[in-house]
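See below for the structure under consideration.
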């Protein structure tokens, strides 16, 4: 094995190490984010259960409330303008243009 092949092998190993490390890092960050979201959901359910216990709500009603809350939490609602903090940085003109574009199609279906 000559020195050119050896250098090529070292470069390939190094690039493989960097690529694999970035993949592992990305997976770890995604898992941490999912864990954080789940903890927030679990905290909400725990607070609900504590509230129901403290107020002496019956077991049947507690089960109904818990099921309803879990169902509603699992539903994905579409984002609204107020849900996107970055839109607060838009100028009034650009925001008006955005609103016009967002509501143009739904309004076309209605006769004035």
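In this note's numbering, the protein residues as written are 4 to 115. We put the CB at the ideal spot given by N, CA and C, even for glycine. Please read all numbers here as calculations on a predicted model, not as lab measurements.
One question on the structure: do residue i and residue j come within less than 8 Å of each other, judged by their Cβ atoms?
i          : j           : result
residue 76 : residue 46  : no
residue 93 : residue 101 : yes
residue 66 : residue 51  : no
Quick one, which of the options has its alpha-carbon nearest residue i's?
i          : options       : result
residue 53 : 41, 40 and 69 : 69
Just the C-alpha distance for residue i and residue j, rounded to the nearest angstrom, thanks.
i          : j           : result
residue 97 : residue 103 : 10 Å
residue 42 : residue 15  : 40 Å
residue 29 : residue 19  : 15 Å
residue 32 : residue 55  : 35 Å
residue 22 : residue 9   : 20 Å
residue 88 : residue 95  : 15 Å
residue 39 : residue 5   : 51 Å
residue 25 : residue 7   : 27 Å
residue 74 : residue 64  : 15 Å
residue 34 : residue 111 : 43 Å
In its own chain, which residues sit with a C-beta less than 7 Å from the C-beta of residue i, not counting the 5 before and 5 after it?
i          : result
residue 84 : 90
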